[in-house]
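Enquirer: Going by full-length UniProt numbering, the sequence shown opens with residue 1, and the numbers climb by one from there.
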Amino acid sequence: MFNILISDPLSEDGIRPLREAPNMNLVNETNLSTEELEDRIGEFDALLVRSQTQVTRELINKATRLKIIGRAGVGVDNIDLDAATENGIIVVNAPNGNTNSAAEHTIAMLMSLSRNIPQAYHALKHKKWDRKKYVGVELKNKTLGVVGLGRIGAEVAFRAKGQRMNVVAYDPFLTKERADKMGIGYGTLEEVIEQADFITVHTPLMKETRHLINAEAFERMKQGVHIINCARGGIIDEDALYDAIVSKKVAGAALDVFEEEPFIDHKLLELPEVVATPHLGASTIEAQEIVAVDVSHDVLSFLNGDVVKNPVNLPSVPGELMHKIEPYFHLAEKLGGFLIDLTKEVAEEINISYSGDLSDMEVAPLTRNTIKGILKRHLGDHVNDVNALYLANKKGIVVNENKTSSTKGFTNLITVEVKSKSGTRKVAGTLLNGFGPRIVKVDEYSVDVTPEGHLVVIQHVDQPGVIGRMGSTIAKHQINIATMQVDRSDIGGNAIMVLTIDKHLEEEAMEELKSLEEIKEVTPIDL
Ligand SMILES: NC(=O)C1=CN([C@@H]2O[C@H](COP(=O)(O)OP(=O)(O)OC[C@H]3O[C@@H](n4cnc5c(N)ncnc54)[C@H](O)[C@@H]3O)[C@@H](O)[C@H]2O)C=CC1
Ligand SMILES: O=C(O)C(=O)COP(=O)(O)O
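1. Among 469, 455, 454, which one has its Cα closest to the Cα of residue 461?
2. Shortest alpha-carbon distance to residue 225 belongs to which of 196, 90, 11?
3. Do the stretch 330 to 342 and the stretch 119 to 128 touch if we need at least three Cβ pairs shorter than 8 angstroms?
4. Verify the contact flag: residue 283, CB atom, against every heavy atom of ligand 2, threshold strictly below 7 angstroms.
5. May I ask you to report which of helix, strand or coil DSSP gives residue 517?
6. What span of residues does the alpha helix (DSSP H) with residue 331 cover, start to end?
7. Taking 7 angstroms as the cut-off, is the C-beta of residue 263 nearer than that to any heavy atom in ligand 1?
8. Within 10 angstroms of the Cβ of residue 478, are there 16 or more other Cβ atoms? Answer buried if so, exposed if not.
9. Tell me whether the stretch 8 to 28 and the stretch 305 to 321 touch, counting them as touching only if at least three CB pairs, one residue from each stretch, are closer than 8 angstroms.
10. Below 7 angstroms CB to CB, which residues in the same chain sit around residue 512 once its five sequence neighbours on both sides are set aside?
11. Excluding the 5 residues preceding and the 5 following residue 404 in the sequence, name in chain order all residues of the same chain whose CB lies nearer than 8 angstroms to its CB.
12. Does DSSP classify residue 219 as helix, strand or coil?
13. How about residue 214: is its Cβ closer than 7 angstroms to a heavy atom in ligand 1?
14. Going by C-alpha to C-alpha distance, which of 148, 374, 263 sits closest to residue 175?
15. With a threshold of 7 angstroms (Cβ to nearest heavy atom), would residue 174 be considered close to ligand 4?
16. From residue 397 to residue 457, what distance separates their C-alpha atoms?
17. At 4 residues or longer, and completely inside the stretch 184 to 246: list those alpha helix (DSSP H) runs for me, N to C.
18. What do you reckon, is the C-beta of residue 304 under 7 angstroms from a heavy atom of ligand 2?
19. Would you mind sorting residue 22 into buried or exposed? The rule is 16 or more other CB atoms within 10 Å of its CB.
20. Under a three-way DSSP split, which group does residue 445 fall into?
21. Is residue 301 near residue 295, with beta carbons less than 8 angstroms apart?
22. For the alpha helix (DSSP H) that contains residue 152, what are its first and last residues?
23. Tell me whether residue 171 counts as near ligand 1, meaning its Cβ is closer than 7 angstroms to at least one heavy atom of that ligand.
24. Any heavy atom of ligand 2 inside 7 angstroms of the beta-carbon of residue 98?
25. With a Cβ-Cβ cutoff of 8 angstroms, do residue 110 and residue 198 count as a contact?
26. Measuring CB atoms only, is the stretch 99 to 115 touching the stretch 46 to 53, in the sense that at least three cross pairs come out at less than 8 angstroms?
27. Going along the chain, which residues of its own chain have a beta-carbon closer than 6 angstroms to the beta-carbon of residue 363, five neighbours each way excluded?
28. For the stretch 49 to 117, list the alpha helix (DSSP H) runs that are entirely contained and at least 4 residues long, ordered along the chain.
29. So, under 8 angstroms CB-CB, residue 432 and residue 373 are touching, yes? Tell me the CB distance rounded to an integer number of Å.
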């Protein structure tokens, strides 16, 4: 049974797939204080949030069972992603479900601002019929500057063109071709904010975008500019905005989001030029249902061991590639586990080479699985796809990945090399069509071993009788040999045996094998 905590209000219809799935125990507690949340988080395997719950490092450190955090929405600035990654917790979001609602809300704010609708409504409600005070400005032929032309920014741009506005945008990824295709202008951030009559921001809140619109940016703007923020508080410096409104540089601002939320008193709201909503951009029946469905599906998939669609702290792998690459996951992890047991030391450098069919694929997920197999031996089961590379990095292990089209006789081959204090060891494996994974090389020796169960690698000298003596020693300990592979460098030279046995090779049997004159090294490996 998986325990799932929903700590922000989510659409009941949207979470139905999760509620109705077997083995899922949903707990809806949307009013927990920080302390209560910290006290209870240790009970849960999954946490579902919107923007309100602050998923801090302190909370994550107490979340000893937590495997997945689902964000029913786009922005993940309320989640400490580094802490989640370090703890091997996957974060998923629902990036597409609220695009339309957020764009519509932005246009509603733009029109409210240009025609003073909230202020006029408020006056009328207070029995003041004032037509002079609330004279507005037209949008037609005005320039809208869009900062951040992602999903929402682009939808806002399309809709603003419908208002016959001129649109100019700044986004580091915006190309001339895309701007031309959309029928909009483009420029640097400075160029965009200098030209615009209305400026709307649609970037995520990150280190790089915190106070992107600051006092210096306001200086550059046209006198009487209007500002809209339906993205995140903090992208615009609120103190600088306040000063720019008071000094009349900014004629008005429409804000859906704030640096600190929630609040009831805010100095910006004391200004009559400011219209505001309490973070309602995504608050529509439609958007809430879609984001809850999307995030529920990913949480369910993940807990059932399937692939997620919208990972935030893992590169997402397109479905078609996933279909091709998934069969290699097991092989990659087993190769890592086999090799680190053979190495017997901690890894200092890991080199992974992909050949044949794999050389044309995005292999990062395989590298993560290989590293996971290697690190698990020393760091335990908390190593997973999410934190494998982070942990390797933290331990100072150098990881190199390369691809070669040379097939070495195999249609696909993964070769893993580990460098440690005691030298370099190598293993290579392939996925045999219809037969599953095989280890085909151990160091320079050729073998054909299924990477499963209890294995023993014996390095010895190629001499008559050694196999017999090894066999009787093992038999004495009531151990049955299921398969055996032998290869040698040259006649009478170094050789290797890889055995599959029916149970773990105990210490006593291992010592006895080691005491045989021709045997140099015995390594039990349990995969
Ligand atoms: N008010 C609300 O209820 C909602 C707010 N949001 C906010 O809107 C943000 C944007 O959402 P989407 O459009 O779906 O995300 P997106 O990822 O599709 O778009 C973000 C765009 O910002 C651009 N960008 C990044 N750094 C930039 C910079 N320094 N300058 C200019 N552009 C930059 C990116 O290249 C990307 O194109 C979310 O991160 C979220 O914080 C989203 C939904 C609802
Ligand atoms: O999706 C986003 O980024 C939003 O800001 C929506 O936030 P909410 O889920 O309404 O708290």
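Cβ coordinates follow ideal geometry from the N, Cα and C atoms, glycine included.
Expert: If we stick to the structure as given:
1. Within the sequence shown, numbered from 1, the residue matching residue 461 stands at position 461. Here the closest residue by C-alpha is 469.
2. For this step, residue 225 is matched to residue 225 along the sequence shown. Selected option, being the one with the closest Cα: 196.
3. Touching, no, given that fewer than three Cβ pairs across the two stretches are closer than 8 angstroms.
4. To locate residue 283, count along the sequence shown from 1; it is residue 283. Yes, Cβ of residue 283 sits closer than 7 angstroms to a heavy atom of ligand 2.
5. Residue 517 sits at position 517 when you count from the first residue of the sequence shown. DSSP places residue 517 in coil when its eight states are reduced to three.
6. By one-based count along the sequence shown, residue 331 stands at place 331. Per DSSP, residue 331 belongs to the alpha helix (DSSP H) from 327 to 343.
7. Along the sequence shown, read from residue 1 onward, the residue named residue 263 stands at position 263. Residue 263 Cβ: outside cutoff for every heavy atom of ligand 1.
8. Locating residue 478 in the sequence shown gives position 478, counting from the first residue. Result: exposed.
9. no
10. What you label residue 512 is simply residue 512 of the sequence shown in a count that begins at 1. Correct list, in chain order: 473.
11. Position 404 of the sequence shown, counted from the first residue, corresponds to residue 404. The answer, listed in chain order, is 353, 354, 355, 359.
12. Translated into the one-based positions of the sequence shown, residue 219 becomes position 219. Three-state DSSP puts residue 219 in a helix.
13. Position 214 of the sequence shown holds residue 214. With a threshold of 7 angstroms, the Cβ atom of residue 214 does not count as near ligand 1, since no heavy atom of the ligand is closer than that.
14. Translated into the one-based positions of the sequence shown, residue 175 becomes position 175. In terms of CA proximity to residue 175, 148 leads the group 148, 374, 263.
15. By its list of ligands, the structure shown excludes ligand 4, since it contains just ligand 1 and ligand 2.
16. Taking the sequence shown and counting its residues from 1, one reaches residue 397 at position 397. Taking the sequence shown and counting its residues from 1, one reaches residue 457 at position 457. When rounded, the distance between both Cα atoms is 25 angstroms.
17. 189 to 195, 215 to 220, 238 to 246
18. Mapped onto the sequence shown, residue 304 falls at position 304. It does not: the Cβ of residue 304 is nowhere closer than 7 angstroms to a heavy atom of ligand 2.
19. In the sequence shown, counting from the first residue as 1, residue 22 sits at position 22. The residue is exposed, with fewer than 16 neighbouring Cβ atoms inside 10 Å.
20. Numbered from 1 along the sequence shown, position 445 holds the residue referred to as residue 445. In the structure shown, residue 445 sits in a strand (DSSP, three-state: E or B).
21. Here residue 301 corresponds to residue number 301 of the sequence shown, with the count starting at 1. Here residue 295 corresponds to residue number 295 of the sequence shown, with the count starting at 1. For residue 301 and residue 295, no; Cβs fall outside 8 angstroms.
22. To locate residue 152, count along the sequence shown from 1; it is residue 152. That run of the alpha helix (DSSP H) goes 151 to 162.
23. Taking the sequence shown and counting its residues from 1, one reaches residue 171 at position 171. Yes; taking the cut-off as 7 angstroms, the Cβ of residue 171 has a heavy atom of ligand 1 nearer than that.
24. Taking the sequence shown and counting its residues from 1, one reaches residue 98 at position 98. Indeed, a heavy atom of ligand 2 lies less than 7 angstroms from the Cβ.
25. Your numbering for residue 110 matches position 110 in the sequence shown. Your numbering for residue 198 matches position 198 in the sequence shown. With respect to residue 198, residue 110 sits close: the two C-beta atoms are nearer than 8 angstroms.
26. No: fewer than three Cβ pairs fall under 8 angstroms.
27. If you number the sequence shown from 1, residue 363 lands on position 363. Residues of the same chain with a CB within less than 6 angstroms of the CB of residue 363, apart from the 5 flanking positions on each side, are 354 in chain order.
28. 57 to 62, 81 to 86, 99 to 115
29. Within the sequence shown, the letter at position 432 stands for residue 432. Within the sequence shown, the letter at position 373 stands for residue 373. The beta carbons of residue 432 and residue 373 sit about 19 angstroms from each other, so the pair does not count as a contact at 8 angstroms.
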